[in-house]
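Peer 1:
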Amino acid sequence: MTDLLTQSEYEALAASISLPSSAYIDGGFRPAKSGKTFTTANPATGAPLTEIAACGAEDVDFAVQKARDAFEDGRWSRLSPGARKEVLLKLAKLMERNAHELAVLESIDSGKPIFDVATIDLPETIHTLKWHAELIDKIYDQVAPSSDDHIALVVREAVGVVGLVLPWNFPLLMLAWKIAPALAAGNSIVLKPAAETTLTALRVAELATEAGLPAGVLNIVTGSGANVGEPLGRHPDVDMVSFTGSTATGRRFLTYSAESNLKEVVLELGGKNPCIVLDDAEDLDTVAAHVVQGAFWNMGENCSAASRLIVQKGIKDKLLDRVKAHAREWNMGEPLDPSVRVGALVSKSHYDKVASYLEIAKTATVHMGGTANGTHVEPTIVEVPSNDHQLAREEIFGPVLTVIEVASFEEAIRTANDTEYGLAASIFTANAKRAIRGARMLRAGTVTVNSFGEGDISTPFGGYKQSGFGGRDNSIHAHDQYTQLKTIWIDLNDSEPASID
Ligand code: NAP
Ligand code: MG
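Set out below in C-alpha cells:
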C-alpha cells in the first residue's frame with residue numbers, strides 16, 4: 119500500500135475510528151478481571167486517546183487456559199498447513215482492506231510519521247503474514263539414515279502455547295514477525311503489546327477472528343510489563359516466550375524461565391550499531407542518504423539504527439556536510455502530515471530520556487541539531503573524541519547520531535566491535551576485499567555492505583552478543599523458534615530386543 123491520504127483526510131479518519139479498549143481473549147473483547155484501566159495518549163499532542171484494560175496475572179491465567187484448550191483440541195494446531203495458510207492469507211487481505219485505519223491507529227498511538235507507517239510498516243507487516251502463510255505448506259520433515267530394519271522420522275511439531283512480548287517501536291511489524299510464523303506452525307498465542315502501543319494489536323486480533331482464526335488461538339492481554347509480562351514469563355503452562363525489547367528486560371525472561379518451567383526463550387534485544395565509512399567509499403551523496411536513513415528513520419527508535427558513524431579521517435568533513443544536507447530535508451512535525459519524516463517520540467518518559475542525552479551532547483562537538491520541543495527531538499549529530507564516550511556506548515533510541523573518527527580500516531573494525539551489542543552493522547567501501555573481510559570480521563547478526571538495512575523477510579534477523587538469544591526472527595529460521603523436533607523411531611523387526619550384554 120503506497121497511496122497516501124491528505125493530512126485532513128487522516129485527521130478525519132482519526133476522529134471517526136472507534137478505538138479498541140479491552141483485552142482480546144477467547145475470540146472476543148474483555149475488560150480486565152479487576153476492572154482496572156490505564157489511559158493511553160497520543161504522544162504528539164499529549165491528549166488522552168482512550169482507556170485500555172489494565173490486565174493482571176488473573177487475566178494471563180485465563181488467556182493461557184483458553185490458548186491451551188485451543189491447542190489441545192486441535193481447532194487450529196491440527197488443521198492442515200494448507201488450511202492454516204488460507205486463514206492467514208485472508209487476514210492479510212483484511213489488513214490490506216483496512217490499511218488506512220490501521221495506519222492511523224498506529225500513528226496516533228506511537229507518534230510515528232504516517233508516511234512511514236503507510237509506506238513501510240504496514241506493507242511489510244502484510245508481506246510478513248503472506249510470506250509465512252505461503253511457507254508453511256512447503257516445508258518437509260526428514261527421514262533419518264537409519265538401518266533397513268527401522269524407519270526414523272524427524273518431525274517438527276508446534277511448541278504449544280507461546281507467549282509473545284512486544285516493544286513499542288514497530289508495534290504492527292514486530293507483531294507480524296512473531297504471530298505469522300507462530301500461527302503458521304499451529305501454536306496458540308498469548309501476546310502482550312507494549313502498554314504504550316496496544317491499539318493495532320487489538321484491531322488485528324479482531325480481524326483475525328473475522329478471517330476465520332478460531333477463538334482462543336490469538337489472545338491479546340494488555341497491561342504493564344510488571345503485571346502482564348512477568349506473569350506470562352513465569353507461567354508454568356506457557357511453553358515458550360519470544361520477546362523483543364531491551365537487553366535489561368530480556369535478561370529477566372531468562373530468570374523467569376529458570377525459576378518456572380524452563381520454557382524456551384528467544385530474545386531480540388537492543389543495539390548500538392556501527393556504520394563504517396572508509397575513505398574509498400564511492401558516491402558520498404548516496405552514502406549520506408543511507409547514513410541519515412540509518413540514524414533517523416523512526417526517530418532513531420529502532421533496534422538496528424545505525425547510531426555510531428565510524429568514519430575515516432580523510433573524508434569525514436565531506437561526508438558530514440552531505441549527511442547534514444540530507445538530514446535537513448527530513449521534515450519534523452505532526453505525524454499525520456504525510457510530508458513529515460520525524461514524528462514524536464513515543465512517550466513523555468522516553469522523550470525525557472532522549473532529551474537528557476542532548477545535555478550530554480553539549481560536552482562534545484554538536485554538528486547539527488541538539489534541540490527538542492517537548493514531544494519531538496531534532497535529528498542531532500554529535501562527534502565524540504572516542505568510542506569510550508557515553509554517547510558511543512549507550513543505546514539512546516532517539517535521533518542522535520554519534521560520530522567517531524578513525525585512521526584506518528583496522529581501527530574502524532576494532533571500534534565497531536568494541537560494544538556489548540551485536541545486532542547490525544554496515545560498511546561502505548569501494549574495495550571488494552575490505553568489504554568482504556569487514557563483513558566477516560564485524561560481530562553482528564546482520565551486516566550490510568554499501569547500504570543501510572535489515573535484509574528482508576527472507577533473511578534471518580537477530581543479534582550476536584547481548585543483542586539476542588536463542589533464535590532468529592524472519593526467514594525459514596523463524597520457524598525453528600515455534601516448532602520443536604521429535605524423533606519417531608519405528609522398528610520393523612519381528613524379533614525380541616537383543617540383550618544388551
Ligand atoms: P522494554 O522496556 O524492554 O519493553 C519491551 C516489552 O517488555 C514491553 O511489552 C514491556 O511492557 C515489557 N516489559 C517491561 N518490563 C518487564 C518486566 N519486568 N517483565 C516482563 N515484561 C516487561 O523495551 P521497549 O522500551 O519497549 O523497546 C525498546 C527496546 O527494544 C530497545 O532496546 C530496542 O533496541 C529493542 N528492540 C529490539 C528489536 C530486535 O529485533 N532486536 C526490535 C525492536 C526493538 P510495558 O512497556 O508495557 O511495561
Ligand atoms: Mg500510545
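Residue numbers for the sequence shown, in the working numbering: 119 to 619. All C-beta atoms, glycine included, are put in the ideal place defined by N, C-alpha and C.
1) Alpha carbon to alpha carbon, how far is T566 from P517?
2) Three or more beta-carbon pairs under 8 Å between the region 255 to 264 and the region 153 to 164, yes or no?
3) Which residues does DSSP list as the beta-bridge partners of K310?
4) Does the ligand SAM have a heavy atom nearer than 7 Å to the CB of T362?
5) Check H595 in the structure and name its three-state DSSP category.
6) Could you please give me the residues that DSSP links to D146 through a beta bridge?
7) Does A262 come out as helix, strand or coil in the three-state DSSP assignment?
8) Quick check on this structure: which residue in A133, H268 and N305 has the alpha carbon closest to the alpha carbon of G281?
9) With DSSP run on the structure shown, which of helix, strand or coil describes N87?
10) Is there at least one non-hydrogen atom of the ligand NAP closer than 7 Å to the beta-carbon of A172?
11) Helix or strand or just coil, what does DSSP make of N611?
12) Given 7 Å as the limit, tell me if A159 has its C-beta closer than that to any heavy atom belonging to the ligand MG.
13) Which one or two residues does DSSP pair with E382 in a beta bridge?
14) I want to check one thing, is the minimum distance from the CB of D227 to the heavy atoms of the ligand MG below 7 Å?
15) Measure from the alpha carbon of D401 to the alpha carbon of each residue in I433, G389 and N416, then state which is nearest.
16) In angstroms, rounded to a whole number, what distance separates the CA positions of A141 and M213?
17) Quick check on the DSSP output: the alpha helix (DSSP H) that includes S136 runs from which residue to which?
18) Three Cβ pairs or more, each shorter than 8 Å: is that satisfied between the region 373 to 383 and the region 408 to 416?
19) Ignore the nearest five residues each way along the sequence and tell me which others in F233's own chain have a CB closer than 6 Å to its CB.
20) Assuming A251 and A300 form a contact by the criterion Cβ under 8 Å, report the distance between their Cβ atoms to the nearest whole angstrom.
21) Can you name the start and end residues of the beta strand (DSSP E) that R274 belongs to?
22) Given this structure, state the Cα-to-Cα distance separating P311 from C421, to the nearest angstrom.
23) Please identify the residue among N337, G330, L560 and F587 whose C-alpha is closest to the C-alpha of G146.
24) Is it the case that the CB of S585 approaches a heavy atom of the ligand NAP more closely than 7 Å?
25) Taking the alpha helix (DSSP H) that S375 belongs to, which residues open and close that run?
26) Which residue spans inside the region 172 to 200 form an unbroken alpha helix (DSSP H) run of at least 4?
Peer 2: Inspection of the coordinates gives the following:
1) 21 Å
2) no
3) V283
4) This structure simply doesn't include the ligand SAM; it includes the ligand NAP and the ligand MG instead.
5) helix
6) The sequence given here places Gly at residue 146; Asp does not occur at that position. Beta-bridge pairing links G146 to I143.
7) coil
8) N305
9) An answer regarding residue 87 cannot be provided, because it is not within the stretch 119 to 619 covered by the chain.
10) no
11) coil
12) yes
13) M358
14) yes
15) I433
16) 20 Å
17) Run containing S136: none; DSSP gives neither H nor E here.
18) no
19) P456
20) With 8 Å as the limit, A251 and A300 do not qualify as a contact, their Cβ atoms being about 12 Å apart.
21) H268 to A276
22) 17 Å
23) N337
24) yes
25) T365 to E377
26) 175 to 191
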